[in-house]
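Residue numbers (our numbering), protein chains in the order written: chain A, 152 to 270; chain B, 33 to 141.
One structure is given below, encoded as structure tokens.
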Amino acid sequence: EVQVVQSGAEVKNPGESLKISCQSFGYSFTNYWIGWVRQMPGKGLEWMGLFYPGNSDTRYSPSFQGQVTISADKSISTAYLQWSSLKASDTAMYYCATTRDGNTRWDYWGQGTLVTVSS
Amino acid sequence: QSALTQPASVSGSPGQSITISCTGTSSDVGGYNYVSWYQQHPDKAPKVIIYDVNNRPSGVSNRFSGSKSGNTASLTISGLQAEDEADYYCNSFTGHIYVFGTGTKVTVV
Numbered sequence: 152e153v154q155v156v157q158s159g160a161e162v163k164n165p166g167e168s169l170k171i172s173c174q175s176f177g178y179s180f181t182n183y184w185i186g187w188v189r190q191m192p193g194k195g196l197e198w199m200g201l202f203y204p205g206n207s208d209t210r211y212s213p214s215f216q217g218q219v220t221i222s223a224d225k226s227i228s229t230a231y232l233q234w235s236s237l238k239a240s241d242t243a244m245y246y247c248a249t250t251r252d253g254n255t256r257w258d259y260w261g262q263g264t265l266v267t268v269s270s
Numbered sequence: 033q034s035a036l037t038q039p040a041s042v043s044g045s046p047g048q049s050i051t052i053s054c055t056g057t058s059s060d061v062g063g064y065n066y067v068s069w070y071q072q073h074p075d076k077a078p079k080v081i082i083y084d085v086n087n088r089p090s091g092v093s094n095r096f097s098g099s100k101s102g103n104t105a106s107l108t109i110s111g112l113q114a115e116d117e118a119d120y121y122c123n124s125f126t127g128h129i130y131v132f133g134t135g136t137k138v139t140v141v
């Protein structure tokens, strides 16, 4: 059974760094794309970027280029989304999702990680 | 990369059919047959209900159907049920990454 499990909720101060995770179970991690999606409070879904563990191909949406870093550790089937300096406007729910390479159907979603940035 | 345009809200009575539009450009919706639709209930993760314009994943009701004409894709929900009340988002490949629609709140009145 495929499962995607995200790390727990975080409360941070502005300017702090943060790395949240997305661990996959039940499929070949290197054959699936990982995507990160932001949903600000009461707002819609936004693609932040994609990562393909098979060859480390990384793609960012223009709005998020330079603002976050996406990476992965293949040895533990885990993808990461990282900020070096959080802002209050980063407060949001963050989802990871996966799709098999060659597919465009994002089948499996994590439960979401709520990030709150407040002083 | 601008979000695809959807109506903010659509409503219907139980048993009726409703259609949600999703308008993009020739660089996204019009350029690829890779439009998908996601249903999101409050405080839940999105769930794919249509992919590659008009395909339904296993287990998704056949009351959901998709289509595309030019730069506009559409999701039709027939035989509307109370459980269909949710937010719906279209999604298109752009050649490099993906872009979501602005989202549509479906209300069953």
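The beta-carbon is built from N, C-alpha and C at its ideal position, and this holds for glycine as well.
These numbers come from a predicted model, not from an experiment.
Straight-line CA distance for residue i to residue j?
{"i": "SER235 of chain A", "j": "ASP241 of chain A", "result": "12 Å"}
{"i": "GLN190 of chain A", "j": "ASP119 of chain B", "result": "13 Å"}
{"i": "PHE215 of chain A", "j": "MET199 of chain A", "result": "6 Å"}
{"i": "ILE227 of chain A", "j": "GLN174 of chain A", "result": "8 Å"}
{"i": "SER106 of chain B", "j": "THR249 of chain A", "result": "24 Å"}
{"i": "PHE96 of chain B", "j": "SER158 of chain A", "result": "33 Å"}
{"i": "ASP224 of chain A", "j": "SER110 of chain B", "result": "44 Å"}
{"i": "GLY177 of chain A", "j": "VAL266 of chain A", "result": "27 Å"}
{"i": "TYR211 of chain A", "j": "ASN182 of chain A", "result": "19 Å"}
{"i": "LYS100 of chain B", "j": "VAL85 of chain B", "result": "6 Å"}
{"i": "GLY133 of chain B", "j": "VAL153 of chain A", "result": "27 Å"}
{"i": "THR51 of chain B", "j": "PRO204 of chain A", "result": "37 Å"}
{"i": "GLY253 of chain A", "j": "PRO78 of chain B", "result": "21 Å"}
{"i": "LYS194 of chain A", "j": "GLY63 of chain B", "result": "27 Å"}
{"i": "VAL141 of chain B", "j": "SER41 of chain B", "result": "12 Å"}
{"i": "TRP69 of chain B", "j": "GLN113 of chain B", "result": "18 Å"}
{"i": "GLU321 of chain A", "j": "THR136 of chain B", "result": "Residue 321 of chain A is absent from the model: chain A starts at 152 and stops at 270."}
{"i": "HIS73 of chain B", "j": "MET244 of chain A", "result": "14 Å"}
{"i": "THR108 of chain B", "j": "CYS54 of chain B", "result": "11 Å"}
According to DSSP, simplified to helix, strand and coil, what is residue i?
{"i": "ILE129 of chain B", "result": "coil"}
{"i": "THR57 of chain B", "result": "coil"}
{"i": "GLY176 of chain A", "result": "Note that residue 176 of chain A is Phe in the sequence shown here, rather than Gly. In the structure shown, PHE176 of chain A sits in a strand (DSSP, three-state: E or B)."}
{"i": "ASN182 of chain A", "result": "helix"}
{"i": "LYS76 of chain B", "result": "coil"}
{"i": "GLU167 of chain A", "result": "coil"}
{"i": "ASP119 of chain B", "result": "strand"}
{"i": "ALA239 of chain A", "result": "helix"}
{"i": "SER45 of chain B", "result": "coil"}
Mind reading off the beta-carbon distance from residue i to residue j? Whole number of angstroms is fine, and I expect it under 8 Å.
{"i": "LEU237 of chain A", "j": "ILE171 of chain A", "result": "Wrong, their Cβ atoms sit about 11 Å apart, outside the cutoff."}
{"i": "VAL131 of chain B", "j": "GLN33 of chain B", "result": "5 Å"}
{"i": "TRP257 of chain A", "j": "VAL80 of chain B", "result": "6 Å"}
Among the options, which residue has its Cα nearest to the Cα of residue i?
{"i": "VAL268 of chain A", "options": "A:TYR245, A:GLU161, A:ILE185 and A:TYR183", "result": "A:GLU161"}
{"i": "ASP208 of chain A", "options": "B:SER59, B:HIS128, B:SER41 and B:VAL67", "result": "B:HIS128"}
{"i": "ASP116 of chain B", "options": "B:SER59, B:SER34 and B:ASN94", "result": "B:ASN94"}
{"i": "LEU169 of chain A", "options": "A:GLN218, A:ASN254, A:ARG251 and A:THR255", "result": "A:GLN218"}
{"i": "VAL67 of chain B", "options": "B:HIS73, B:ASN87 and B:ALA77", "result": "B:ASN87"}
{"i": "ALA239 of chain A", "options": "A:GLU152, A:TRP187, A:SER179 and A:PRO192", "result": "A:PRO192"}
{"i": "ASN103 of chain B", "options": "B:LYS137, B:TYR70 and B:CYS122", "result": "B:CYS122"}
{"i": "TRP187 of chain A", "options": "A:GLY195, A:SER179, A:LEU201 and A:PHE180", "result": "A:LEU201"}
{"i": "VAL61 of chain B", "options": "B:THR136, B:PHE125, B:VAL138 and B:THR139", "result": "B:PHE125"}
{"i": "GLY98 of chain B", "options": "B:ILE82, B:THR57 and B:ALA35", "result": "B:ILE82"}
{"i": "SER222 of chain A", "options": "A:PRO213, A:MET244, A:TRP184 and A:ALA243", "result": "A:TRP184"}
{"i": "ARG251 of chain A", "options": "A:PRO213, A:THR229 and A:PHE180", "result": "A:PHE180"}
**Prompt:** Below 8 Å, can you find three or more Cβ-Cβ pairs linking the segment 247 to 265 of chain A to the segment 35 to 47 of chain B?
**Reply:** The segment 247 to 265 of chain A, when compared against the segment 35 to 47 of chain B, does not touch it at the 8 Å Cβ threshold.
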